[in-house]
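One structure is given below, encoded as structure tokens.
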Amino acid sequence: MSAAARPSGRPSEIMPGLGRRIGSLRGERRWALWTAYISLIIAAVVMLAPPLYMLLTSIKTSAEIADLSGNPWLVRVPTWENYAAIIGNPMFRGFFYNSIILTVSVVVITMVISVLAAFALARMKFFGSQVLATGVFLTYLVPDTLLFIPLYQIVGGLGLLNSIWGLVLVYPTLTVPFCTWIMIGYFASIPKELDEAALIDGANWMQMLTKIFIPVALPGIIAATIFAFTVSWAAFVYPTAFITRPDEMPLTIGVVSQLIRGDTFAWGQLMAGALLAALPPVVVYAFLMDYYIAGLTAGATKG
Amino acid sequence: MASDSNAAVLAARPAAARPGNSAMKRFARRRSTIAFLMTLPLITVIGGLVVWPAGYAMYLATLNRRQTAFIGLENFDILLESETFRTVIWQSCFFAITAVLLKALVGFWLAHMLHHIPAKGQRMWRGMLLVPWVIPPALSPLGWWWMFDPSYSSINYLINAIGFPSVPWLGEPWWARVSVIIVNVWYGAPFFMIMYLAALKSVPDQLYEAAAIDGATGWQGLRHITLPMMQNIISITVLFSLIVTFANYDIVRVLTNGGPRDLTQVFASYAFQVGVLSGNIPRGAAVSLFMFPLLAVIAFFVLRGVNKRTKEMA
Numbered sequence: 001m002s003a004a005a006r007p008s009g010r011p012s013e014i015m016p017g018l019g020r021r022i023g024s025l026r027g028e029r030r031w032a033l034w035t036a037y038i039s040l041i042i043a044a045v046v047m048l049a050p051p052l053y054m055l056l057t058s059i060k061t062s063a064e065i066a067d068l069s070g071n072p073w074l075v076r077v078p079t080w081e082n083y084a085a086i087i088g089n090p091m092f093r094g095f096f097y098n099s100i101i102l103t104v105s106v107v108v109i110t111m112v113i114s115v116l117a118a119f120a121l122a123r124m125k126f127f128g129s130q131v132l133a134t135g136v137f138l139t140y141l142v143p144d145t146l147l148f149i150p151l152y153q154i155v156g157g158l159g160l161l162n163s164i165w166g167l168v169l170v171y172p173t174l175t176v177p178f179c180t181w182i183m184i185g186y187f188a189s190i191p192k193e194l195d196e197a198a199l200i201d202g203a204n205w206m207q208m209l210t211k212i213f214i215p216v217a218l219p220g221i222i223a224a225t226i227f228a229f230t231v232s233w234a235a236f237v238y239p240t241a242f243i244t245r246p247d248e249m250p251l252t253i254g255v256v257s258q259l260i261r262g263d264t265f266a267w268g269q270l271m272a273g274a275l276l277a278a279l280p281p282v283v284v285y286a287f288l289m290d291y292y293i294a295g296l297t298a299g300a301t302k303g
Numbered sequence: 001m002a003s004d005s006n007a008a009v010l011a012a013r014p015a016a017a018r019p020g021n022s023a024m025k026r027f028a029r030r031r032s033t034i035a036f037l038m039t040l041p042l043i044t045v046i047g048g049l050v051v052w053p054a055g056y057a058m059y060l061a062t063l064n065r066r067q068t069a070f071i072g073l074e075n076f077d078i079l080l081e082s083e084t085f086r087t088v089i090w091q092s093c094f095f096a097i098t099a100v101l102l103k104a105l106v107g108f109w110l111a112h113m114l115h116h117i118p119a120k121g122q123r124m125w126r127g128m129l130l131v132p133w134v135i136p137p138a139l140s141p142l143g144w145w146w147m148f149d150p151s152y153s154s155i156n157y158l159i160n161a162i163g164f165p166s167v168p169w170l171g172e173p174w175w176a177r178v179s180v181i182i183v184n185v186w187y188g189a190p191f192f193m194i195m196y197l198a199a200l201k202s203v204p205d206q207l208y209e210a211a212a213i214d215g216a217t218g219w220q221g222l223r224h225i226t227l228p229m230m231q232n233i234i235s236i237t238v239l240f241s242l243i244v245t246f247a248n249y250d251i252v253r254v255l256t257n258g259g260p261r262d263l264t265q266v267f268a269s270y271a272f273q274v275g276v277l278s279g280n281i282p283r284g285a286a287v288s289l290f291m292f293p294l295l296a297v298i299a300f301f302v303l304r305g306v307n308k309r310t311k312e313m314a
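Line by line, the protein sequences give chains A and B.
Following the working numbering, the numbering of the first sequence begins with 1 at its first residue and continues without gaps.
Following the working numbering, the numbering of the second sequence begins with 1 at its first residue and continues without gaps.
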């Protein structure tokens with residue numbers, strides 16, 4: 001994570017003795033800065049327009065949404081009625097509740113499995129450990145859309161279709177490989193002197209893991225937890241395939257399938273529901289952005 | 001590897017203190033037992049929920065609709081002969097390749113622009129530009145869907161305002177394909193930006209200074225310093241994104257649901273329609289297995305890239 005701010009060594013600052021070229025360099029530099037800011041402003045407008053428009057739609061009245069005469073990007077009479085309606089909808093609260101149960105269970109299961117395995121793979125060389133580490137990475141590359149049909153049969157065979165526990169069973173395929181992979185990277189970067197010291201002091205492996213590795217690799221654990229949380233919160237293929245009963249649906253499929261009905265959509269409520277459903281990952285991101293980004297980049301720069 | 005020298009240290013110690021020898025042996029034996037127990041849950045997940053279903057999918061694909069008889073490769077035959085499925089193959093490849101190239105280009109450009117502005121502003125811009133990646137990709141297409149709505153389209157409003165005619169975003173096949181790609185690029189480009197920004201920051205400044213002294217232009221710096229230094233990370237992200245985009249389901253499902261007339265179906269959405277919605281599980285399994293050879297090839301190259309990178313960093 002070399003993303004820390006670093007003094008920028010630009011040629012014109014470093015070598016003031018370049019003589020006549022300096023003027024043109026400075027001009028070039030200013031031009032580059034302008035291009036950069038203009039590109040970034042355009043990009044920010046494009047990137048933020050859809051969520052912004054969702055927000056605008058969600059605070060409009062139904063009459064205003066249906067009115068074709070005005071500018072759709074402006075809100076004339078802001079209202080909270082859509083949010084009140086969606087929060088007052090027991091089905092929507094049920095989706096939220098299911099999502100929370102599901103995500104918390106999956107995150108806990110994932111972190112236990114991947115921290116234990118990553119510790120063993122990073123520190124204890126044993127028969128087949130190299131093959132297993134490669135296998136973890138390969139499983140990470142297998143997409144859920146390749147597995148959902150056989151898993152549908154398997155989960156169905158276990159009688160867990162239409163139950164969030166069936167999802168708790170299969171979600172680890174989405175989270176465990178990547179979390180293990182980045183935890184191997186974090187654990188491998190801990191200096192060996194630390195575990196040697198612990199061994200000399202008579203610590204066993206479990207104490208070494210809980211007293212040294214977990215505290216030292218805490219940033220990695222936070223990053224992996226955030227990853228597991230966002231992935232299980234946003235998972236879509238498995239719940240769409242396995243859940244058809246509204247009372248067992250998590251948010252993603254619930255909002256997409258149950259709030260869209262018939263030909264006249266309640267757009268304001270739909271957007272309010274989608275935004276509320278997207279809120280938890282966005283809040284996590286807003287407060288833990290550095291860990292979030294560390295987790296993203298660790299997958300490719302650590303391994 | 002760290003564990004090698006660790007083991008060496010452990011092995012060296014009992015030589016000095018003899019009585020510990022058999023205890024050390026027992027310790028080593030215990031260590032592999034503990035390691036096995038620690039990895040057992042992982043092995044269970046990989047074996048039971050990835051390897052076994054993948055094998056099971058291959059078996060399923062050779063059965064008939066009611067899963068009562070073995071019919072060999074007939075499912076694959078039927079699929080390849082169907083006009084719809086050939087469109088699915090074509091659309092999946094077109095969608096994945098176009099979207100990944102655009103994501104990589106946009107991401108590379110934005111990373112560069114971000115790298116050029118003063119460091120203290122970078123955090124704020126980066127924070128704003130990553131928002132599309134943070135919103136669950138099943139929910140943000142709802143907003144796009146509403147923005148593409150034939151009669152209430154807010155994008156068409158802006159297009160009309162600058163004097164162009166309305167665009168039939170999701171109604172006309174080619175525009176529907178473009179729309180799906182736009183949304184996918186919108187969602188995925190920030191990820192590329194973050195990856196490339198991290199890579200850009202790891203290129204030593206001295207290289208650029210040396211090049212500047214030698215009179216290199218910005219373009220030459222990009223071509224002869226930045227691109228070679230970032231080659232590995234670029235190939236890993238592109239290959240990885242190719243897998244994810246090729247297997248994409250949520251954006252297509254929410255935005256077009258495969259329509260108009262199955263022309264925007266990709267492998268995943270078509271497998272879902274055939275396997276789960278129409279109830280022909282074996283044929284659905286066959287559809288999704290068509291992704292397998294391509295994914296295997298890409299996975300091979302990703303693994304090679306990652307190994308190379310590990311060696312470089314070691």
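Heads up, the beta-carbon is just placed ideally off N, CA and C, and yes, glycines get one too.
Predicted model only: the values in this text are computed from it and were never measured.
Comparing C-alpha distances from residue 48 of chain A to each of B:67, B:132, B:159 and B:305 shows the shortest one belongs to B:132. Among the residues of the region 127-140 of chain A, those with a Cβ less than 8 Å away from any Cβ of chain B are 127, 129, 132, 134, 135, 136, 137, 138 and 139, in the order of the chain.
Residue 142 of chain A has a beta carbon lying within less than 7 Å of a beta carbon in chain B. No Cβ of chain B is located within less than 7 Å of the beta carbon of residue 246 of chain A. Out of B:267, B:203 and B:296, the CA that lies nearest to the CA of residue 285 of chain B is found in B:267. The residue from B:287, B:197, B:158 and B:140 with its alpha-carbon nearest to that of residue 76 of chain B is B:287. At a cut-off of 7 Å, the C-beta of residue 165 of chain A has no neighbouring C-beta in chain B. Residues of the region 142-159 of chain A that bring their beta carbon within less than 8 Å of a beta carbon in chain B comprise 142, 143, 144, 145, 146, 147, 148, 149, 150, 151, 152, 153 and 154, in sequence order. Inter-residue distance for residue 53 of chain B and residue 147 of chain A is about 6 Å (C-alpha atoms, whole angstroms). Under the Cβ criterion (8 Å, minimum of three pairs), the region 157-169 of chain B does not count as touching the region 286-294 of chain A. Taking 7 Å as the cut-off, the beta carbon of residue 98 of chain B is found closer than this to the beta carbon of residue 181 of chain B.
Within chain A, the residues 145, 146, 148 and 149 have their CB atoms less than 9 Å from the CB of residue 271 of chain B, given in chain order. With a cutoff of 7 Å on beta-carbon distance, residue 167 of chain A and residue 281 of chain A are scored as not near each other.
Taking a Cβ-Cβ threshold of 7 Å, the residues of chain A close to residue 144 of chain B are 50, in chain order.
When CB distances to chain B are screened at a threshold of 8 Å, the residues of the region 87-118 of chain A falling below it are 112, 113, 114, 116 and 117, in chain order.
For the C-beta of residue 238 of chain A, not a single chain B residue is nearer than 8 Å; the gap to the nearest is close to 10 Å. Under DSSP, residue 63 of chain B shares a beta bridge with B:70. If you keep only unbroken alpha helix (DSSP H) runs of at least 4 residues inside the region 156-204 of chain B, you get 173-201. In the structure shown, residue 215 of chain B adopts coil according to DSSP, grouped into three states. Residues of chain B with a Cβ closer than 9 Å to the Cβ of residue 73 of chain A are, in chain order, 154, 157 and 158. Residue 71 of chain A and residue 260 of chain B have their C-alpha atoms some 29 Å from each other.
For the region 236-267 of chain B, the continuous alpha helix (DSSP H) assignments of 4+ residues that do not extend past its boundaries occur at 250-255, in sequence order. As for any alpha helix (DSSP H) of minimum length 4 sitting wholly inside the region 42-114 of chain A, the runs are 62-66 and 81-87, ordered along the chain. For residue 112 of chain B, the uninterrupted alpha helix (DSSP H) run begins and ends at 83-116, by DSSP.
At a cut-off of 7 Å between beta-carbon atoms, residue 183 of chain A makes no contact with chain B. In this chain, the alpha helix (DSSP H) harbouring residue 144 of chain A covers 144-157. Listed along chain A are 149, 152 and 153, each with a C-beta nearer than 8 Å to that of residue 281 of chain B. If you look at residue 192 of chain A, you'll find it in the alpha helix (DSSP H) that goes 192-200. For residue 207 of chain A, the enclosing alpha helix (DSSP H) begins and ends at 205-208. By the rule that beta-carbons nearer than 7 Å mark a contact, residue 224 of chain B does not touch chain A.
In the DSSP annotation of this structure, the continuous segment of the alpha helix (DSSP H) that includes residue 268 of chain A starts and ends at 267-287. A contact between stretches requires three or more CB pairs, one per stretch, nearer than 8 Å, and the region 39-55 of chain A meets this requirement with the region 174-192 of chain B. Ranked by how close their Cα comes to the Cα of residue 268 of chain A, the residues A:232, A:125, A:69 and A:56 have A:56 in first place. The three-state reading of DSSP puts residue 244 of chain A in coil, since its state is none of H, G, I, E or B. Membership of residue 132 of chain A in the alpha helix (DSSP H) is indicated by the continuous run 129-140.
Neighbourhood of residue 293 of chain A in chain B, by CB distance below 7 Å: 194, in chain order.
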